[in-house]
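So the sequence shown is numbered by the working numbering: it starts at 1 and just counts up by one. Virtual Cβ for every residue (Gly too), placed ideally from N, Cα, C. Note sheet for the following structure.
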Amino acid sequence: MYSEDTTVATAQKLMLEILQTVHRICEENNITYFLDAGTLLGAIRHGGFIPWDDDADIAMPRKDYEKFLKIAPKYLPDDLFLQTRETDPAYRITYAKIRKQNTLLIQKNETGHESFQHGIFIDIFPFDYYKSEWFLRWMKWALTIRGKRNKYKKGTFKRSLVTLYTHYFLLIPIEISLALHRFFASHKHYFTNENYDYLTYALEYGVFCITKTKDILPVKLAKNVFEGSDFYLPANPHNYLTAMYGSNYMQLPPVEERQTHAKKIMLDI
């Protein structure tokens with residue numbers, strides 16, 4: 001379901017082309033991937049893009065992600081650019097994107113003056129295995145608390161209260177959590193055990209969903225699932241989306257929350 005905004009709709013069609021290219025590369029090279037986050041939600045709830053969404057998301061288990069990064073430059077057409085910290089030194093995000101050359105998409109948290117590539121893109125998230133649900137909940141709690149102060153302007157009373165709470169009353173558990181975060185992010189070999197019960201975003205991304213391995217793997221090919229195209233989905237999309245968004249994920253958000261991520265899109269530069 002494309003956007004009513006013709007510019008966003010055209011950008012979505014370019015993202016669909018990128019998704020189709022990645023799908024083909026993964027199938028030809030035996031790489032596991034699945035539609036993720038808002039793209040998976042769009043597939044299940046809308047049969048395609050969430051109308052106000054202007055990005056696309058897929059995920060891969062770590063082993064497949066690393067394999068994809070190695071082979072993608074060989075298989076991607078010239079108009080697509082694999083963006084990582086290695087291919088674009090100014091790019092600071094911890095996961096990969098594939099950008100459409102000669103296009104522009106500036107997100108709301110960007111100025112447009114950054115020196116990294118700003119083309120229309122899809123996100124590719126690496127997923128790691130985790131043994132303990134307790135560990136995931138602990139890390140999610142610590143990072144959530146730490147991030148809450150950013151919701152309030154500097155100098156406000158509320159920000160001062162949250163800062164006091166997180167930096168003093170919760171100092172020890174947060175510091176332990178962040179130390180663990182830094183340690184495990186640099187020791188990814190601890191997260192390659194495919195017998196572990198949980199499979200979710202890599203630690204360095206700083207976002208955790210309590211998603212179970214059995215609800216993701218083995219992925220399944222779904223026909224005509226997203227804008228009339230075939231893509232791979234998690235083994236149990238319902239359980240996966242419930243873990244990510246809650247049991248009411250099929251309910252549309254209020255109109256005022258239906259906003260795009262981009263503040264500027266140009267289809268040909």
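With a threshold of 16 other CB atoms inside 10 Å of the CB of residue 227, please say whether the residue is buried or exposed.
For this step, residue 227 is matched to residue 227 along the sequence shown. Classification for residue 227: buried.
In whole angstroms, what is the alpha-carbon distance linking residue 108 and residue 264?
Residue 108 sits at position 108 when you count from the first residue of the sequence shown. Residue 264 sits at position 264 when you count from the first residue of the sequence shown. Each residue's alpha carbon lies about 8 angstroms from the other.
Between the Cα of residue 279 and the Cα atoms of 241, 128, 203, which residue gives the shortest distance?
Outside the displayed span of the chain (1 to 269) sits residue 279, for which this structure offers no information.
State the DSSP-derived secondary structure class of residue 237, mapped to helix, strand or coil.
Here residue 237 is taken as the residue at index 237 of the sequence shown, counted from 1. Here residue 237 sits in helix by DSSP.
Output the residue ranges of the beta strand (DSSP E) runs that lie fully inside the region 53-93 and measure 3 residues or longer, sorted by chain position.
Taking only runs of at least 3 residues, the beta strand (DSSP E) segments lying wholly in the region 53-93 are 57-61, 80-83.
Along the alpha helix (DSSP H) that carries residue 45, what are the first and last residues, could you check?
By one-based count along the sequence shown, residue 45 stands at place 45. Counting along the chain, residue 45 sits inside the alpha helix (DSSP H) bounded by residues 37-45.
Beta-carbon proximity list for residue 83, same chain, < 8 angstroms, skipping 5 on both sides
Locating residue 83 in the sequence shown gives position 83, where the first residue counts as 1. Scanning its chain for C-beta atoms nearer than 8 angstroms, with the 5 sequence neighbours on each side dropped, one finds around residue 83 the residues 91, 96, 97, 98, 99, 116, 117, 121, in chain order.
Out of curiosity, what's the CA-to-CA distance linking residue 198 and residue 40?
Taking the first residue of the sequence shown as position 1, residue 198 is located at position 198. Taking the first residue of the sequence shown as position 1, residue 40 is located at position 40. Cα-Cα distance, rounded: 19 angstroms.
Is the beta carbon of residue 273 less than 8 angstroms from the beta carbon of residue 267?
The question about residue 273 has no answer here: the residues shown for the chain are numbered 1 through 269.
Which residues mark the beginning and the end of the beta strand (DSSP E) in which residue 225 is found?
As a working mapping, residue 225 is identified with position 225 in the sequence shown. Per DSSP, residue 225 belongs to the beta strand (DSSP E) from 220-226.
Considering just the uninterrupted stretch of the beta strand (DSSP E) at residue 107, what are its terminal residues?
Within the sequence shown, numbered from 1, the residue matching residue 107 stands at position 107. Per DSSP, residue 107 belongs to the beta strand (DSSP E) from 104-107.
Beta-carbon separation of residue 52 and residue 251 under 8 angstroms?
One-based indexing of the sequence shown puts residue 52 at position 52. One-based indexing of the sequence shown puts residue 251 at position 251. Contact check for residue 52 against residue 251 fails: the beta carbons are separated by 8 angstroms or more.
Strictly under 8 angstroms for the Cβ-Cβ distance: is residue 193 near chain C by that measure?
The displayed structure is made up of one protein chain only, and chain C is not part of it.
So for residue 274, helix, strand or coil by DSSP?
Look at the range of the chain in this structure, 1 to 269, and you will see that residue 274 is not part of it.
Host beta strand (DSSP E) of residue 97 (start-end):
The count along the sequence shown starts at 1 and reaches residue 97 at position 97. That run of the beta strand (DSSP E) goes 96-100.
Beta-carbon within less than 6 angstroms of residue 45's beta-carbon, same chain only, minus the 5 sequence neighbours each way: which residues are those?
The sequence position of residue 45 within the sequence shown is 45, counting from 1. Excluding residues within five positions, the ones whose Cβ falls inside 6 angstroms are 250.
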